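Trainee:
There are 2 protein chains.
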Amino acid sequence: MTYNIKEIASLAGVSKSTASRVISGNGYASPEARARVLEVVEQLQYKPNAVARAMVAKRTNNIGVIVFREQQPIVSHPLYGKLIDAILEAAEGLGYSVLLKTDREMSVRSADHMLERRVDGLILISRLRKNVVDHVKKYNLPYLMVNGSTDDPDVIHLVSNDEEGGAKAAAYLHGLGHRRFFVIAGPQEHRSHHLRLEGFKQGLQRLGVPASDLTVVLSPESNLEQGARLMAEHFETFIGGGYTVLFTTNDMLALGAMKVLLQRSVRVPEQAAVMGFDDIDFAAAYSPALTTVKVDTNRMGHDAVALLDRLIHQEEVLSKKNEFASEILIREST
Amino acid sequence: MTYNIKEIASLAGVSKSTASRVISGNGYASPEARARVLEVVEQLQYKPNAVARAMVAKRTNNIGVIVFREQQPIVSHPLYGKLIDAILEAAEGLGYSVLLKTDREMSVRSADHMLERRVDGLILISRLRKNVVDHVKKYNLPYLMVNGSTDDPDVIHLVSNDEEGGAKAAAYLHGLGHRRFFVIAGPQEHRSHHLRLEGFKQGLQRLGVPASDLTVVLSPESNLEQGARLMAEHFETFIGGGYTVLFTTNDMLALGAMKVLLQRSVRVPEQAAVMGFDDIDFAAAYSPALTTVKVDTNRMGHDAVALLDRLIHQEEVLSKKNEFASEILIREST
DNA sequence: CTGAAAGCGCTTACAG
DNA sequence: CTGAAAGCGCTTACAG
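Structure, rendered in structure tokens:
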């Protein structure tokens with residue numbers, strides 16, 4: 001059974017107004033009135049209707065999170081899963097509930113759903129079309145973007161410093177003595193994959209590595225399967241070409257590709273060093289454990305919610321672009 | 001800017017009632033009125049306020065999903081992540097949005113949040129205390145449990161057939177010629193881990209394997225780290241004891257433990273066969289790929305939402321206990 | 001300190 | 001086919 005405030009009020013012998021004041025904690029009520037109302041609330045296990053509250057407050061205390069991604073895994077993507085865990089935790093801490101949606105059509109529909117549900121703010125995750133942002137902008141709903149890409153100077157976004165991470169990876173591997181580099185890079189329309197590759201290339205160039213000592217293979221998707229497929233496809237080139245490094249623009253690609261190497265009895269890291277990017281849980285769990293560039297998804301998720309909260313409260317927000325430092329994690333594969 | 005129906009109505013030159021009828025699609029409206037309203041809606045990009053709608057419909061079209069788990073990973077748990085992906089997809093298909101919450105305190109608070117927000121139904125995931133179910137039961141909110149455990153005959157729940165899976169694993173490994181079995185089992189308060197172990201034991205017993213040829217080590221948590229820690233701790237026993245099989249009650253434990261075996265140069269499967277349970281994405285990606293018992297999380301998630309939808313529509317629901325067959329996936333580690 | 005009234009943005013009988 | 005009215009469950013000035 002579910003009661004409403006009118007019933008609570010009448011059982012407590014007060015008016016709705018008074019009942020509302022004690023339940024919501026706003027406004028005065030005599031100690032006696034307060035006690036009677038609270039007793040009824042307790043006894044009936046009254047749960048105030050948040051929908052009605054939202055109606056008058058013009059605030060739902062819900063935030064919307066949309067993950068744009070064409071293929072599974074989405075929530076079960078090791079990186080996005082961690083990001084969502086962090087977002088849920090942070091949201092809880094600030095009193096928000098989260099409406100979560102995945103959008104495989106990369107359309108404007110999911111944003112419309114959130115708009116209709118009157119979320120207080122919106123977190124847009126991963127690669128999304130420009131028109132989605134343009135659409136959201138028309139409503140004055142606070143929003144921000146995580147791990148996506150945009151050239152729109154208005155959009156507040158959180159990203160990892162992918163270019164720097166790529167360059168660091170190049171420097172680290174070069175420092176180990178490697179001279180011929182093989183790269184499998186994810187979709188270049190995606191900011192992260194693009195910048196990680198660019199950073200890596202530039203890093204190499206700065207170290208004086210000629211372009212002829214670098215081979216880049218582009219992958220249409222950034223998952224385990226494509227990593228494995230491309231490594232298998234280019235196996236002869238890799239082995240015959242004197243390459244001693246496999247760098248990939250994320251861990252899934254690295255792990256997929258490394259499996260092929262191991263299956264074909266290539267010793268990692270003795271014959272070939274393998275390095276990824278992200279630091280998903282399985283990077284450390286693999287054997288050999290994968291050297292990678294860590295993205296601090298936990299902090300990113302927490303900061304995203306904190307920032308959105310500032311936006312919701314109309315507080316000033318310092319900078320549009322929020323970059324998170326990337327850090328090399330040396331493990332067994334290099 | 002965001003408009004309300006009154007503004008739409010007045011711009012279209014009709015009453016709120018008429019505007020409402022055409023926008024909601026319920027009730028009559030002349031073609032002319034309809035056209036005028038729709039034009040204004042389109043031009044102003046009007047988004048009806050779902051909060052107000054929910055208020056009168058006494059239905060939010062939101063469902064709540066709570067994952068009960070004391071430790072990270074929660075959403076980023078490979079199994080729960082997949083389950084949530086399936087739930088989101090199925091919910092979307094039936095017109096629901098989902099409010100997602102993780103509960104690490106195993107309390108009743110998260111359920112209360114959902115109750116206050118007036119979700120149409122609730123999906124409770126993983127291990128949860130009896131008092132949570134008892135609490136939810138008091139409100140007449142449709143709910144069901146996925147991958148949890150209960151001895152309450154009223155509770156509609158979806159589980160994998162863990163006992164059968166365990167027995168199948170035993171039979172398969174025994175059939176391969178193995179005679180001494182080492183098991184790392186997750187928390188026995190958790191239904192799945194408990195039944196998987198029971199099924200495995202009983203399977204072995206039926207095959208005439210004496211209890212002395214089975215060693216079981218209990219793990220306080222079911223993650224990679226504990227799998228690795230326990231294997232390292234019992235390594236001497238394992239190697240010195242003539243065991244040729246490592247079976248674990250989930251893939252994370254298996255992968256964590258297998259890494260230790262590989263690091264110490266134990267050849268898998270030649271010297272030791274390793275087998276897990278769940279079929280998370282990384283089971284197939286590991287090298288050697290992990291043989292496991294597959295739980296069809298995708299179907300489980302879809303069925304959970306479909307079932308909840310039936311409950312919400314007060315349709316009859318066939319059986320309280322919905323069991324999903326488990327299936328052995330033979331890969332490289334056995 | 002308290003209660004009556006108005007209002008949040010919709011929908012739904014009901015009368016015309 | 002259409003509009004005025006009432007109501008969903010709250011909160012918030014306002015008068016007393």
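Going down the list, the protein sequences come from chains P and E. If you count the first sequence from 1, position 244 lands on 244 in the UniProt record's numbering, and the numbers rise without skipping. If you count the second sequence from 1, position 320 lands on 320 in the UniProt record's numbering, and the numbers rise without skipping. Note that the Cβ used here is the ideal one computed from N, Cα and C, for glycine as well. In this text, all values refer to a predicted model and were calculated from it rather than measured experimentally.
I'd like the span of the alpha helix (DSSP H) that includes His174/E, first residue to last.
Mentor: Translated into positions along the second sequence, residue 174/E becomes position 174. Its alpha helix (DSSP H) spans residues Asp162 to Gly175.
Trainee: Check each residue of the stretch 117–141 of chain P: if its Cβ is closer than 9 Å to any Cβ of chain E, include it; give the result in chain order.
Mentor: The stretch 117–141 of chain P vs chain E, Cβ under 9 Å: Arg117, Arg118, His135, Lys138, Tyr139, Asn140 and Leu141.
Trainee: Tell me, please, whether the stretch 251–263 of chain P touches the stretch 274–286 of chain P by the rule of three or more beta-carbon pairs shorter than 8 Å.
Mentor: In short, these stretches touch, since the Cβ pair count reaches three.
Trainee: If we define contact as Cβ-Cβ less than 8 Å, is Ala54/P a contact residue for chain E?
Mentor: Locating residue 54/P in the first sequence gives position 54, counting from the first residue. By this cut-off, Ala54/P is an interface position.
Trainee: Closest to Leu214/P by CA distance: which of Val245/P, Pro73/P, Phe181/P and Leu197/P is it?
Mentor: Taking the first sequence and counting its residues from 1, one reaches residue 214/P at position 214. For the residues Val245/P, Pro73/P, Phe181/P and Leu197/P, the minimum Cα distance to Leu214/P belongs to Phe181/P.
Trainee: Classify Ile330/P as buried or exposed, calling it buried when 16 or more other Cβ atoms lie within 10 Å of its own Cβ.
Mentor: Looking up residue 330/P in the first sequence gives position 330. Under this definition Ile330/P is an exposed residue.
Trainee: Taking only runs that begin and end inside the stretch 242–279 of chain E, name each unbroken beta strand (DSSP E) of 3 or more residues, in chain order.
Mentor: Correct list: 245–248 and 273–275.
Trainee: Ala185/E bridges to which residues according to DSSP?
Mentor: Mapped onto the second sequence, residue 185/E falls at position 185. Ala185/E is bridged to Leu218/E.
Trainee: Any idea which residues DSSP pairs Met145/P with across the strands?
Mentor: Position 145 of the first sequence holds residue 145/P. The partner list for Met145/P (beta bridge, DSSP) reads Leu124/P and His157/P.
Trainee: Show which residues of chain P have a CB atom less than 8 Å away from the CB atom of Asn49/E.
Mentor: Along the second sequence, one-based indexing puts residue 49/E at 49. Here the neighbours are Glu116 and Arg118.
Trainee: Which of the three DSSP states is assigned to Val98/P in this structure?
Mentor: Taking the first residue of the first sequence as 1, we reach residue 98/P at position 98. The answer is strand: DSSP assigns Val98/P an E or B state.
Trainee: Could you give the residue range of the alpha helix (DSSP H) that holds Glu39/P?
Mentor: Counting from one through the first sequence, the residue named residue 39/P turns up at place 39. Counting along the chain, the alpha helix (DSSP H) containing Glu39/P begins and ends at Pro31 to Leu44.
Trainee: Ile330/E: beta carbon under 7 Å from a heavy atom of the ligand SAM?
Mentor: The model on display carries no ligand, and the ligand SAM is accordingly not part of it.
Trainee: Where does Val209/P fall in DSSP's three states?
Mentor: As a working mapping, residue 209/P is identified with position 209 in the first sequence. Coil, per DSSP.
Trainee: Taking the alpha carbon of Ala273/P as the reference point, which residue from Val75/P, Ser333/P and Ser30/P has its own alpha carbon closest?
Mentor: The residue you call residue 273/P lines up with position 273 of the first sequence. That would be Ser333/P, whose Cα lies nearest to the Cα of Ala273/P.
Trainee: Between the stretch 225–246 of chain E and chain P, which residues of the former have CB atoms less than 7 Å from a CB of the latter, in chain order?
Mentor: Within the stretch 225–246 of chain E, no residue has a Cβ that lies closer than 7 Å to any Cβ of chain P.
Trainee: Whole angstroms is fine: what's the gap from Val22/E's alpha carbon to Val119/P's?
Mentor: For the purposes of this step, residue 22/E is identified with residue 22 of the second sequence, where counting begins at 1. For the purposes of this step, residue 119/P is identified with residue 119 of the first sequence, where counting begins at 1. Distance between the alpha carbons of Val22/E and Val119/P is about 25 Å.
Trainee: Please report whether the beta-carbon of residue 336/P lies at a distance below 8 Å from any beta-carbon of chain E.
Mentor: Examination of residue 336/P is not possible in this model, given that chain P is present from 1 through 334 alone.
Trainee: Can you tell me which of Leu204/P, Val108/P and Arg53/P puts its alpha carbon nearest to the alpha carbon of Arg179/P?
Mentor: Position 179 of the first sequence, counted from the first residue, corresponds to residue 179/P. That would be Leu204/P, whose Cα lies nearest to the Cα of Arg179/P.
Trainee: Give a yes or no on whether the minimum CB-CB distance between Thr248/P and chain E is below 8 Å.
Mentor: The sequence position of residue 248/P within the first sequence is 248, counting from 1. No - not a single Cβ of chain E is within 8 Å of the one on Thr248/P.
Trainee: With a cut-off of 8 Å on the beta carbons, I'd call Arg79/E and Asp278/E a contact; round off their distance for me.
Mentor: Locating residue 79/E in the second sequence gives position 79, where the first residue counts as 1. Locating residue 278/E in the second sequence gives position 278, where the first residue counts as 1. Here residue 79/E turns out to be Leu, not Arg, going by the sequence shown. 5 Å between Cβ atoms; contact.
Trainee: Given a threshold of 16 other Cβ atoms within 10 Å of its Cβ, counted over all protein chains shown, does Asn140/E qualify as buried or as exposed?
Mentor: Here residue 140/E refers to the residue found at position 140 when the second sequence is read from its first residue. Label assigned to Asn140/E: exposed.
Trainee: Mind the definition here: the stretch 158–167 of chain P touches the stretch 10–27 of chain E only if three or more C-beta pairs lie below 8 Å; say whether that holds.
Mentor: Flag = no, the stretch 158–167 of chain P and the stretch 10–27 of chain E do not touch.
Trainee: How far does the alpha helix (DSSP H) with Leu307/E in it reach, from first residue to last?
Mentor: Against the second sequence, residue 307/E aligns to sequence position 307. First-last of the alpha helix (DSSP H) with Leu307/E: Thr297 to Ile312.
Trainee: Which chain E residues are close to Ile74/P, counting only those with a beta carbon under 7 Å from its beta carbon?
Mentor: The count along the first sequence starts at 1 and reaches residue 74/P at position 74. Those are Asp85, listed as they occur along chain E.
Trainee: For Val67/E, report the span of its beta strand (DSSP E) as first-last.
Mentor: Translated into the one-based positions of the second sequence, residue 67/E becomes position 67. That run of the beta strand (DSSP E) goes Asn62 to Phe68.
Trainee: Among the candidates Glu70/E, Met145/E, Ala19/E and Met55/E, whose CA atom is the shortest distance from the CA of Lys321/E?
Mentor: Position 321 of the second sequence, counted from the start, is the residue given in the question as residue 321/E. Of Glu70/E, Met145/E, Ala19/E and Met55/E, the residue nearest in Cα terms is Met145/E.
Trainee: Roughly how many angstroms lie between the CA atoms of Val108/E and Gly148/E, to the nearest whole one?
Mentor: Walking along the second sequence from the start, residue 108/E turns up at place 108. Walking along the second sequence from the start, residue 148/E turns up at place 148. For Val108/E and Gly148/E, the distance between alpha carbons rounds to 16 Å.
Trainee: Just the Cα atoms here: how many angstroms apart are Arg129/E and Asp154/P?
Mentor: For this step, residue 129/E is matched to residue 129 along the second sequence. For this step, residue 154/P is matched to residue 154 along the first sequence. The alpha-carbon atoms of Arg129/E and Asp154/P are separated by roughly 47 Å.
Trainee: Look at the Cβ atom of Ala111/P, then the Cβ atom of Val136/P, and state whether they are nearer than 8 Å.
Mentor: By 1-based counting over the first sequence, the position of residue 111/P is 111. By 1-based counting over the first sequence, the position of residue 136/P is 136. A contact, by the Cβ cut-off of 8 Å.
Trainee: Go ahead and label Glu92/E buried or exposed: buried means 16 or more other beta carbons lie within 10 angstroms of its beta carbon, across all protein chains shown.
Mentor: Here residue 92/E refers to the residue found at position 92 of the second sequence. The residue in question, Glu92/E, is buried, as its Cβ has 16 or more Cβ neighbours within 10 Å.
Trainee: Quick check on this structure: which residue in Glu70/P, Arg229/P and Gly175/P has the alpha carbon closest to the alpha carbon of Ile184/P?
Mentor: As a first step, residue 184/P is located in the first sequence; it is residue number 184 there, counting from the start. If we check each option's Cα against that of Ile184/P, Arg229/P comes out closest.
Trainee: By how many angstroms is the C-alpha of Ser222/P removed from the C-alpha of Ala257/P?
Mentor: For the purposes of this step, residue 257/P is identified with residue 257 of the first sequence, where counting begins at 1. For the purposes of this step, residue 222/P is identified with residue 222 of the first sequence, where counting begins at 1. Their backbone Cα atoms lie some 11 Å apart in a straight line.
Trainee: Going by CA-CA distance only, name the one from Phe282/P, Leu218/P, Asp151/P and Leu246/P that's closest to Ala269/P.
Mentor: Here the question's residue 269/P lines up with position 269 in the first sequence. The sequence given here has Pro at residue 269/P, not Ala. Nearest of Phe282/P, Leu218/P, Asp151/P and Leu246/P to Pro269/P, Cα basis: Leu246/P.
Trainee: Is the Cβ of His113/E closer than 8 Å to any Cβ of chain P?
Mentor: Stepping through the second sequence from its first residue, residue 113/E is reached at position 113. Closer than 8 Å: yes.
Trainee: Does any residue of chain P have a CB that is nearer than 8 Å to the CB of Lys6/E?
Mentor: Position 6 of the second sequence holds residue 6/E. For Lys6/E, the answer is no, since every Cβ of chain P falls outside 8 Å of its Cβ.
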